[in-house]
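This report concerns only the one structure given below.
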Amino acid sequence: MIQTERIVRRAKAMAGVQSMQETVSAVVMSGAGRPLELRRFPVPKARAGGAVLEMIASEVCGTDVHLHHGRLSGVPFPIIPGHVNCGRVLETGGALFDVEGRPIETGAVVTFYDVFGTCGACWYCLVARAGTRCPHRKVYGITTSAADGLLGGWAERIEILPGVRLVTLPEDVAPEDFMGGGCGLPTGFHAVERAGITLGDTVVVHPKAVPEGLEMLRDAGRYVVVGQYTDGGDTPVNPHRHINRRHATILGCWGYEFTHLHRALAMMARHKGRFAWRDLITREYALSDAGSALADMEKLSVVKAIMRARI
Ligand SMILES: [Zn+2]
Ligand SMILES: [Zn+2]
């Protein structure tokens, strides 16, 4: 009798060990203002045309602070934050290729374009050619629910859905270099494109840019509002002085497209060594310390911060 109980207890303990191995940790933001939680999820399997990554690093972004304050609309809490990520391919659901037709093998160190679901069929996609405003667009770590899988980078594994484009990091670009550029670098590529900057132009950049920048704009200049992903309040604009008398062009710039991510990586690889991107990373945090990462980002005590599965 006692022997049987022992066997049953041991079997239960072993089942417990097994189920721990069959799960992975992820940080869950369950709602605005609620404490972050470390939850366990079933180990994901690659879907056909998709992949599973082992997370190497995930960005802690100002957007994550805004998410936690509930400043973005349409966020399907609970979510797993982390929209810019690097990972190692653990498994693919069939043969995968990058945009240049090169195979993406198991073990490759990759990033991915965090946007998916852009329909290619609506007015924004087809007529305005403004895919970042497509109403069907979804973004990893922002508009993906934790109920739908590991679709954010603050997790030990990241599920790559079919259709999400992977990009292999160039040989000379380490994950830390890529993460040093973070989402700001491809966003900058988009802003430069929107501004139509050409050789010989004079370009001015500042953080509290809107009121200050409009004052600095030259006659016939172009002004691109970039960032401002949440409502930071109104700013006074004098239509005569700031816009019309200057013959100014003012443009918005929402998110970035695959081309900007791709070109940002190519630029990093080409100018390797000229700029120490990784030096922008002020601190690394373990998943279990995600709350401190958000707090430090909010205080602006870090320039760039990254999440690791563990430290
Ligand atoms: Zn970001
Ligand atoms: Zn669309």
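First residue of the sequence shown? That's 5 in the working numbering, and the numbers climb one at a time after it. Beta carbons are placed, not taken as given, at the ideal position from N, Cα and C, and that holds for glycine.
For R198 versus L255, is the C-beta spacing smaller than 7 angstroms? Taking the sequence shown and counting its residues from 1, one reaches residue 198 at position 194. Taking the sequence shown and counting its residues from 1, one reaches residue 255 at position 251. Going by C-beta atoms, R198 is nearer than 7 angstroms to L255.
Pick out whichever of M33, C65, V32, M271 has its Cα sitting closest to the Cα of T286. Against the sequence shown, residue 286 aligns to sequence position 282. It is C65.
Which whole-angstrom value is the C-beta distance of I84 and V31, which I expect to be below 8 angstroms? Along the sequence shown, read from residue 1 onward, the residue named residue 84 stands at position 80. Along the sequence shown, read from residue 1 onward, the residue named residue 31 stands at position 27. Sure, about 6 angstroms apart at Cβ, within 8 angstroms.
Extent of the continuous beta strand (DSSP E) to which L40 belongs: Mapped onto the sequence shown, residue 40 falls at position 36. L40 -> no beta strand (DSSP E), and no H or E assigned at all.
Whole angstroms is fine: what's the gap from L154's alpha carbon to G188's? Stepping through the sequence shown from its first residue, residue 154 is reached at position 150. Stepping through the sequence shown from its first residue, residue 188 is reached at position 184. The alpha-carbon atoms of L154 and G188 are separated by roughly 23 angstroms.
In chain order, each alpha helix (DSSP H) run of at least 4 residues that lies wholly inside the stretch 211-268: 213-220
Which partner residues of L154 appear in the DSSP bridge assignment? For the purposes of this step, residue 154 is taken as the residue at position 150 of the sequence shown. Its beta-bridge partners do not exist; DSSP assigns none.
C-alpha gap between K276 and V207, whole angstroms: Walking along the sequence shown from the start, residue 276 turns up at place 272. Walking along the sequence shown from the start, residue 207 turns up at place 203. Using only the alpha carbons, I get a separation of about 24 angstroms.
Y128 Cβ short of 6 angstroms to ligand 2 heavy atom set: By 1-based counting over the sequence shown, the position of residue 128 is 124. Y128: yes, Cβ under 6 angstroms from ligand 2.
Using 8 angstroms as the cut-off, can you tell me whether the stretch 97-116 makes contact with the stretch 65-77, which would need three or more C-beta pairs spanning the two stretches below that distance? no
Relative to the C-alpha of T110, which candidate in M271, D293, P48, E58 has its C-alpha closest? On the sequence shown, residue 110 is found 106 positions in, with the first residue counted as 1. Out of M271, D293, P48, E58, E58 has the C-alpha closest to the C-alpha of T110.
For N242, does the count of other Cβ atoms within 10 angstroms reach 16, so buried, or fall short, so exposed? Residue mapping note: residue 242 aligns to position 238 of the sequence shown, counting from 1. That one is exposed.
Could you tell me the boundaries of the alpha helix (DSSP H) in which L130 lies? Along the sequence shown, read from residue 1 onward, the residue named residue 130 stands at position 126. It spans 127-130 - the alpha helix (DSSP H) in which L130 sits, taken as one unbroken run.
Specify which residues have a beta carbon nearer than 5 angstroms to any heavy atom of ligand 1, listing them in chain order. C65, T67, C187
C-beta atoms of R282 and D176 nearer than 7 angstroms: Here residue 282 refers to the residue found at position 278 of the sequence shown. Here residue 176 refers to the residue found at position 172 of the sequence shown. No; because the gap between Cβ atoms is not below 7 angstroms, this pair is not in contact.
N-terminal and C-terminal residue of the beta strand (DSSP E) that E63 is part of: Numbered from its first residue, the sequence shown carries residue 63 at position 59. First-last of the beta strand (DSSP E) with E63: 55-64.
Once you ignore the five residues that flank Y289 on each side, which residues in its own chain have a CB closer than 6 angstroms to its CB? Working through the sequence shown from its first residue, we reach residue 289 at position 285. Closer than 6 angstroms at Cβ, skipping near neighbours: A297, M311.
Restricting to Cα atoms, I'd like to know which of V171, F45, R133, G204 is closest to G156. Looking up residue 156 in the sequence shown gives position 152. With distances taken between Cα atoms, G156 lies closest to F45.
Verify whether the separation of the beta carbon atoms of V79 and L173 is less than 7 angstroms. For this step, residue 79 is matched to residue 75 along the sequence shown. For this step, residue 173 is matched to residue 169 along the sequence shown. Cβ atoms of V79 and L173: not closer than 7 angstroms.
Cβ-heavy atom distance between L138 and ligand 2 below 6 angstroms? By 1-based counting over the sequence shown, the position of residue 138 is 134. This sequence places Cys at residue 138; Leu is not what is there. Flag set: Cβ of C138 near ligand 2.
Environment of W127 [buried if 16+ CB atoms lie within 10 Å]: The residue labelled residue 127 in the question sits at position 123 within the sequence shown. Classification for W127: exposed.
Once DSSP output is grouped into helix, strand and coil, what is the label at K49? To locate residue 49, count along the sequence shown from 1; it is residue 45. Here K49 sits in coil by DSSP.
If distances are taken between C-alpha atoms only, which option among V214, V47, A55 comes closest to Y227? On the sequence shown, residue 227 is found 223 positions in, with the first residue counted as 1. Considering only alpha carbons, the answer is V214.
Residues near V47 in its chain [Cβ-Cβ closer than 7 angstroms; skip 5 each side]: For the purposes of this step, residue 47 is taken as residue 43 along the sequence shown, with counting starting at 1. For V47, where only same-chain residues beyond five positions count, the Cβ hits under 7 angstroms are E26, T27, V28, R161.
Should C90 and P179 be called a contact, given that it needs their Cβ atoms to be closer than 7 angstroms? Translated into positions along the sequence shown, residue 90 becomes position 86. Translated into positions along the sequence shown, residue 179 becomes position 175. Yes, the pair counts as a contact, with Cβ atoms nearer than the cut-off.
Could you tell me whether the Cβ atoms of E216 and H210 are closer together than 7 angstroms? Here residue 216 refers to the residue found at position 212 when the sequence shown is read from its first residue. Here residue 210 refers to the residue found at position 206 when the sequence shown is read from its first residue. Yes, these two residues count as a Cβ contact at 7 angstroms.
Does the beta carbon of Y227 come closer than 7 angstroms to any beta carbon on chain D? In the structure shown, chain D does not exist; there is a single protein chain.
Within the same chain, show all residues whose beta-carbon is closer than 7 angstroms to that of M71, passing over the 5 residues directly before and after it, in chain order. As a position in the sequence shown, residue 71 is number 67, starting the count at 1. It should be pointed out that residue 71 corresponds to Leu in this sequence rather than to Met. Taken in chain order, the residues that qualify are M33, V79, P85, I146.
Where does P174 sit, in a helix, a strand or coil, going by DSSP? Numbered from its first residue, the sequence shown carries residue 174 at position 170. Coil, per DSSP.
Beta-carbon gap between S292 and L130 smaller than 7 angstroms: By one-based count along the sequence shown, residue 292 stands at place 288. By one-based count along the sequence shown, residue 130 stands at place 126. Against a cut-off of 7 angstroms, the Cβ pair of L130 and S292 comes out as no contact.
With 16 as the cutoff for other CB atoms within 10 Å, does A134 come out buried or exposed? Along the sequence shown, one-based indexing puts residue 134 at 130. By the 10 Å Cβ count, A134 comes out exposed.
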